[in-house]
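Mind the numbering: the sequence shown is residues -29 to -1, 1 to 524 in mature numbering (1 follows the signal peptide of the UniProt record, and there is no 0), read in order. Note that beta-carbon positions come from the ideal geometry of N, C-alpha and C, so glycine has one too.
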Amino acid sequence: MKKSSIRKKLILMAAMLALVLAAAVPALAQTDPDPRTEKPKEPEPKTEPQPEPKTDEEPKTEPQPEPKTQPRTGFGGSVRGSITDISGAVVLVEEDPTDESGSPKGAFTVTGETDILRQQDGEQVPATFEDLRLGQLVEAEYSGPVAESYPSQGTAGSIVLLGPSGDGTGPAPGSKATLSFELTVEGEPPADASFLGFIPAEGGFRAPLADSDGDGVYTGSVEVPKFAPGGPPEPVSLPIQIVQTQPGTYQPQDTVLKDFGEVLIDEDKSFSASVSFDEEPDPNEEVVATGVLEELESTSFQYGTHALIDEDTEELIYALTSESVPLEVYAGKLVTIHGTLVPGYEDGIDGGPPLVEVARVDAPPGPGGGSITLDFELTVEGEPPADATFFGMVGIDLEDIWLDESVQLADPDGDGVYTGSIDVPTGRPVTVWITQGTGTREGHNGTLPGQPFTVLKHFGTKTFYEDATFEASVSFPGNGGSGNGGSGNGGSGNGGSGGGSPGGGSGNGVSLGSITGGVRGLLPNTGGSMALTILGAGVLLVSSGLLIRRLAR
């Protein structure tokens, strides 16, 4: 059994060996071909080595682009055109200043080696740097390296003036002017305030002002162009201001301390101003200011209902509020306000103006402009009651509103003549009367007669264009007479009689004169004396009948 198994293994090994040999023979034949069957190779052509050309030149290589970190430079070159800028020693020449597509333009630096010449009568004669003017036609040539920028830049070898230089009265060389500012500050300015010279043009030029030595004088300067870009070689005019600026809620709040208007910038200029910061204002001190009263709309400060605006500069003077004066009736009118600063708002908040509590507003001028004066004169006979007061009164028709004004009459020298005056708009209808009051009371436009009060004389309504005087008289018990009114502004009338004691009457009967006098004081003056006499007699008859009836009972 074992022999048979061994035999099978030997047969299997022999078969595998035969397969290996069969696969190896062709491989050996490919790796080592028979030289007898290989085709002969063709001989390669022989080439003679070529001698290198004898030359001193370096082998040529293609230049590789380098990163542009500096402007490329060249040599020489010139520009023929107009001088458009002179800044220091650099002269800018443009072939066509109006061409925005990029006409030849060059910046030429003038040195001591630069030849400046003038073309004259076909010849070139020497000239100087001071002869150069903006707008002049020249031909400028570089000397040495030139930066190939735009405009090109380099040292000027020569500049030849081809056109006339004018009469010599043009602007001096240099395209800029220095504006110097000086602000004298008195007192202690707000901690967050700063000052600057300001030119609100061409995007705005600012010159911050500083007080370096602490003497209260703030100085600074700024350079501005003398000439408009691309314009004619003539000095420009610029608006000049000195401004105080403080931070606001949304943007800085600028206050113009002095406006110098439009200034011709033909040379260096100096500007000076001053500002005073007093001690904390007394909140009880009366504020009197004149301006246009306007209703507030959208502002950065959230206080006040109206504002007083300077008529000329249109700047805010005060924010206004009032519990006693209807400010809305004065909107859009030029007025004078009287009031006091509101505590906490003396310097304004959020960049706004101080806030004023308005106690009185003077009447605005009428259509004719300006105002006229109405004088009052009341002659008082006898001894008036201790609490009696006398007032001149006017009612002014301002079209959309009716404005009452009053003045308390006074007798400073004790002669029994009480006087006072009121200014009213020219050309407005005005109603005038004189009143006796009991004490006084405060109204929205000042002091008024206290109640009860009596109209002593009514002068009617008239439009005034010049000053006028209104006279009346009143008589009190103890002097034996009754009051007779005088004339006022060309019209006549009678004043009311003061017959009767302070207790409510004399109790000694009634006279016809006292009744008619009282009627005159209550009724408008129609000029009919007889009608008033008849009316007084009628009142007397009725009173007598009632008295007789009472006695008969």
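Residue i in three-state terms, based on DSSP
{"i": "R399", "result": "coil"}
{"i": "R104", "result": "coil"}
{"i": "A(-15)", "result": "helix"}
{"i": "Y121", "result": "coil"}
{"i": "I236", "result": "coil"}
{"i": "G457", "result": "At G457, the pLDDT of 41 sits below 50, so the modelled position is not reliable and the matter cannot be decided from this model."}
{"i": "K(-21)", "result": "helix"}
{"i": "E268", "result": "coil"}
{"i": "V207", "result": "coil"}
{"i": "P113", "result": "This sequence places Tyr at residue 113; Pro is not what is there. It is a strand residue."}
{"i": "S472", "result": "Caution is warranted here: a pLDDT of 31 is assigned to S472, below 50, making its placement in the model unreliable, and the coordinate value is therefore given only provisionally. In the structure shown, S472 sits in coil (DSSP, three-state: anything other than H, G, I, E or B)."}
{"i": "E194", "result": "strand"}
{"i": "V214", "result": "strand"}
{"i": "P150", "result": "For the sequence presented, residue 150 should be read as Leu rather than Pro. Strand at L150."}
{"i": "T40", "result": "In this prediction, T40 has a pLDDT of 39, which is less than 50 and means its spatial position is unreliable; nothing more can be read from the coordinates."}
{"i": "E299", "result": "helix"}
{"i": "G466", "result": "Because G466 carries a pLDDT of 35, less than 50, the predicted location of this residue cannot be relied on, and the following value inherits that uncertainty. Coil at G466, not helix or strand."}
{"i": "A162", "result": "coil"}
{"i": "Q273", "result": "coil"}
{"i": "A357", "result": "coil"}
{"i": "T69", "result": "coil"}
{"i": "Q58", "result": "For clarity, residue 58 is Ser in the given sequence; the question names Gln instead. S58 falls in the strand class under three-state DSSP."}
{"i": "P97", "result": "strand"}
Neighbour-count burial assignment, residue i, 16 or more Cβ in a 10 Å radius
{"i": "Q407", "result": "buried"}
{"i": "F424", "result": "buried"}
{"i": "G315", "result": "exposed"}
{"i": "Y113", "result": "buried"}
{"i": "E348", "result": "buried"}
{"i": "P350", "result": "Looking at the sequence itself, residue 350 is Thr, so the reference to Pro does not match. Buried."}
{"i": "M(-17)", "result": "exposed"}
{"i": "F362", "result": "buried"}
{"i": "F198", "result": "buried"}
{"i": "V355", "result": "The amino acid at residue 355 is misidentified as Val; the sequence shows Pro. It is buried - the Cβ of P355 has at least 16 other Cβ atoms within 10 Å."}
{"i": "A127", "result": "buried"}
{"i": "Q422", "result": "exposed"}
{"i": "R273", "result": "A quick correction: the sequence has Gln, not Arg, at residue 273. With fewer than 16 Cβ atoms within 10 Å of its Cβ, Q273 is classed as exposed."}
{"i": "A443", "result": "buried"}
Strand pairing of residue i, partner residues [DSSP]
{"i": "K257", "result": "Note on identity: in this sequence residue 257 is Glu, with Lys being the wrong assignment. Per DSSP, T311."}
{"i": "L374", "result": "I367"}
{"i": "Y436", "result": "Beta-bridge pairing links Y436 to no other residue."}
{"i": "P420", "result": "T411"}
{"i": "residue 528", "result": "Absent from the model: residue 528. The displayed extent of the chain is -29 to 524, so no value can be given."}
{"i": "T155", "result": "V188 and S245"}
{"i": "S392", "result": "D346"}
{"i": "E352", "result": "S446"}
{"i": "S129", "result": "D86 and E112"}
{"i": "D230", "result": "Q212"}
C-beta atoms of residue i and residue j nearer than 8 Å
{"i": "V227", "j": "V246", "result": "no"}
{"i": "Q212", "j": "K229", "result": "yes"}
{"i": "K433", "j": "V401", "result": "yes"}
{"i": "A111", "j": "V61", "result": "no"}
{"i": "T311", "j": "E257", "result": "yes"}
{"i": "V259", "j": "H415", "result": "no"}
{"i": "L345", "j": "F441", "result": "yes"}
{"i": "F166", "j": "Y189", "result": "yes"}
{"i": "F430", "j": "W404", "result": "yes"}
{"i": "G387", "j": "E437", "result": "no"}
{"i": "D368", "j": "R331", "result": "no"}
{"i": "A278", "j": "E265", "result": "yes"}
{"i": "V263", "j": "I280", "result": "yes"}
{"i": "S208", "j": "E238", "result": "no"}
{"i": "L88", "j": "I54", "result": "no"}
{"i": "V300", "j": "S342", "result": "no"}
{"i": "V131", "j": "G125", "result": "no"}
{"i": "S192", "j": "S151", "result": "yes"}
{"i": "S129", "j": "T69", "result": "no"}
{"i": "P210", "j": "D163", "result": "no"}
{"i": "G275", "j": "A290", "result": "yes"}
{"i": "P161", "j": "D333", "result": "no"}
{"i": "I393", "j": "V365", "result": "yes"}
{"i": "T149", "j": "E194", "result": "yes"}
{"i": "G158", "j": "F100", "result": "no"}
{"i": "P179", "j": "K147", "result": "no"}
{"i": "D358", "j": "T418", "result": "no"}
Residue i CB to nearest heavy atom of the ligand NAD below 7 Å
{"i": "Q90", "result": "This structure simply doesn't include the ligand NAD, nor any ligand for that matter."}
Within-8 Å CB hit, residue i to chain B
{"i": "Y189", "result": "In summary, chain B is missing from the structure at hand, where a single protein chain is found."}
Quiz item: Is there contact between the stretch 366 to 381 and the stretch 319 to 327, where contact requires at least three CB pairs shorter than 8 Å?
Solution: A contact between stretches requires three or more CB pairs, one per stretch, nearer than 8 Å, and the stretch 366 to 381 fails this requirement with the stretch 319 to 327.
Quiz prompt | Touching by the beta-carbon criterion (3+ pairs, under 8 Å), the stretch 117 to 125 and the stretch 90 to 105 | solution = Contact between the stretch 117 to 125 and the stretch 90 to 105 is absent, because fewer than three Cβ pairs lie under 8 Å.
Quiz item: How about the stretch 175 to 195 and the stretch 74 to 83: do they share at least three Cβ pairs that are nearer than 8 Å?
Solution: Verdict: no, contact absent.
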